[in-house]
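Per the working numbering, residue 3 is the first one in the sequence shown, and the count goes up by one each step. By construction, the Cβ of each residue, glycine as well, lies at the ideal position given by its N, Cα and C atoms. From a predicted model like this one, the values you see are computed outputs, not experimental measurements.
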Amino acid sequence: MITKSHLSLTGASGKVGLYYNKIDKKWYLPIGEAPSTHIVKQSHVRLKKIVANEQLCLLTARNLGIEIPESFIVTTDINDDEAVLFATKRYDRQFVENSNTINGLPVPCRLHQEDFAQALGIASVHKYEKNNEGYMKMLFEAIRSHSADPMTDSLKLWDICVFNYLVGNTDNHIKNLSLLYGKDLKSIRLAPAYDIVSTMVYKNSTADMALSIDGKYNINEISRESFANAADQVGIGTKIAMKRFGAMVNGFTDALKQANLELSARGIKQTEQISEQIMKKGGIKKELHKKSRCS
Numbered sequence: 003m004i005t006k007s008h009l010s011l012t013g014a015s016g017k018v019g020l021y022y023n024k025i026d027k028k029w030y031l032p033i034g035e036a037p038s039t040h041i042v043k044q045s046h047v048r049l050k051k052i053v054a055n056e057q058l059c060l061l062t063a064r065n066l067g068i069e070i071p072e073s074f075i076v077t078t079d080i081n082d083d084e085a086v087l088f089a090t091k092r093y094d095r096q097f098v099e100n101s102n103t104i105n106g107l108p109v110p111c112r113l114h115q116e117d118f119a120q121a122l123g124i125a126s127v128h129k130y131e132k133n134n135e136g137y138m139k140m141l142f143e144a145i146r147s148h149s150a151d152p153m154t155d156s157l158k159l160w161d162i163c164v165f166n167y168l169v170g171n172t173d174n175h176i177k178n179l180s181l182l183y184g185k186d187l188k189s190i191r192l193a194p195a196y197d198i199v200s201t202m203v204y205k206n207s208t209a210d211m212a213l214s215i216d217g218k219y220n221i222n223e224i225s226r227e228s229f230a231n232a233a234d235q236v237g238i239g240t241k242i243a244m245k246r247f248g249a250m251v252n253g254f255t256d257a258l259k260q261a262n263l264e265l266s267a268r269g270i271k272q273t274e275q276i277s278e279q280i281m282k283k284g285g286i287k288k289e290l291h292k293k294s295r296c297s
């Protein structure tokens with residue numbers, strides 16, 4: 003029998019921090035005190051097309067109004083999955099005027115960030131909620147306590163939680179969400195969404211979400227009603243929360259199509275099949291089916 007697991011437990015993709023210079027379009031390996039500007043990940047050895055999957059999901063999220071970091075696919079052979087790399091610009095780096103240089107290259111400032119496991123004092127080994135500890139409520143309480151704009155960031159966090167359900171990302175653990183500090187270490191905001199993959203397209207990936215929604219983990223048991231109850235539990239007005247939920251459901255198909263067309267135009271053809279699987283296995287399938295029955 004094959005045990006289904008969360009994405010992180012199946013073996014993480016190799017990753018490295020690199021410095022990218024847009025002027026000469028070259029990559030540099032930071033040494034010593036030199037900071038990186040991008041995180042570059044290789045394709046997963048067992049989860050095929052995961053780079054295309056992640057880029058597709060992030061662009062779909064962007065098309066739905068979710069803030070994401072700049073990212074792009076790097077490859078020398080688009081037909082060889084193992085040769086495909088995924089580069090994400092670090093949102094915790096900031097270039098300023100008259101910055102120092104190293105070998106003629108400007109040095110960005112490092113901004114402090116904390117993922118929510120760190121912010122909540124939860125050990126990394128417990129990043130997946132298991133026993134209805136109420137991680138989702140704890141996330142929103144942390145936003146209200148620490149964010150410089152708690153209302154805006156609460157709604158941004160809500161949108162990310164909804165999107166993870168719709169796209170079929172069951173690897174939505176608390177280390178994949180972060181707080182970002184300003185340069186003065188005083189202003190704290192919710193960081194852009196990152197590490198979003200439709201895990202449901204992989205047959206060996208678990209259907210259990212990393213965060214429970216209204217006490218439910220299995221994505222197939224979660225529904226619009228689950229989110230309505232969760233909105234009340236985490237302290238967001240149910241009316242505004244479900245209005246945003248409905249808007250995301252209504253716009254999801256077009257957002258996914260737009261992302262697929264954008265990547266196809268760049269010569270990345272794998273996303274069409276991934277898009278079809280997302281529509282069949284993500285939470286969006288249930289929501290669209292329910293909508294069609296009601297109309």
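Item                                                                                                                                                 : Value
Would the segment 92-110 and the segment 146-157 be scored as touching if the rule is three or more Cβ pairs under 8 Å?                              : no
Look up residue 90 in the DSSP assignment and say whether it is helix, strand or coil.                                                               : strand
Straight-line CA distance for residue 2 to residue 87?                                                                                               : It is not possible to answer for residue 2, since the shown part of the chain is limited to 3 through 297.
Helix, strand or coil for residue 5, going by three-state DSSP, please let me know.                                                                  : A caution first: residue 5 carries a pLDDT of 46, below 50, which makes its placement in the model too unreliable to give a value.
Nearest CA to the CA of residue 203: which residue from 147, 221, 164 and 190?                                                                       : 221
CB-CB under 7 Å to residue 217, same chain, minus the five flanking residues each way: which ones, in chain order?                                   : 134
Give the secondary structure of residue 173 by DSSP, where H, G and I count as helix, E and B as strand, and everything else as coil.                : coil
Among the candidates 129, 89, 145 and 148, whose CA atom is the shortest distance from the CA of residue 177?                                        : 129
Got a sec: is the Cβ-Cβ distance from residue 277 to anything in chain D below 8 Å?                                                                  : No chain D is present in this structure, which holds just one protein chain.
State buried or exposed for residue 55, treating a residue as buried only when at least 16 other CB atoms are found within 10 Å of its CB.           : buried
Taking DSSP as the reference, what is the three-state secondary structure of residue 275?                                                            : helix
Name the two residues that bound the continuous beta strand (DSSP E) containing residue 215.                                                         : 210-215
In whole angstroms, give me the CA-to-CA distance for residue 66 and residue 77.                                                                     : 27 Å
Which residue spans inside the segment 85-136 form an unbroken beta strand (DSSP E) run of at least 3?                                               : 87-91 and 115-117
Select from 244, 51, 69 and 194 the residue whose C-alpha is nearest the C-alpha of residue 164.                                                     : 244
Helix or strand or just coil, what does DSSP make of residue 245?                                                                                    : helix
Does DSSP put residue 14 in a helix, in a strand, or in coil?                                                                                        : The predicted model places residue 14 with a pLDDT of 49, which falls under 50 and marks its position as unreliable; any figure quoted below should be read in that light. Residue 14: coil per DSSP, three-state reduction.
Smallest Cα separation from residue 255: which of 269, 34, 242 and 277?                                                                              : 277
Can you tell me which of 110, 111, 127 and 112 puts its alpha carbon nearest to the alpha carbon of residue 118?                                     : 127
Closest by CA to residue 138, which one among 108, 106 and 234?                                                                                      : 234
Relative to the C-alpha of residue 114, which residue among 147, 193 and 279 is closest?                                                             : 193
Flag this pair as yes or no: are the beta carbons of residue 280 and residue 258 separated by less than 8 Å?                                         : yes
From the DSSP output, read off the bridge partner residues of residue 181.                                                                           : 116 and 192
Per DSSP, what kind of secondary structure is residue 285 in: helix, strand or coil?                                                                 : helix
Ordered along the chain, which non-local residues of its own chain (more than five positions away) have a Cβ less than 7 Å from that of residue 232? : 138, 215 and 216
Please state whether the Cβ-Cβ distance between residue 172 and residue 209 is less than 8 Å.                                                        : yes
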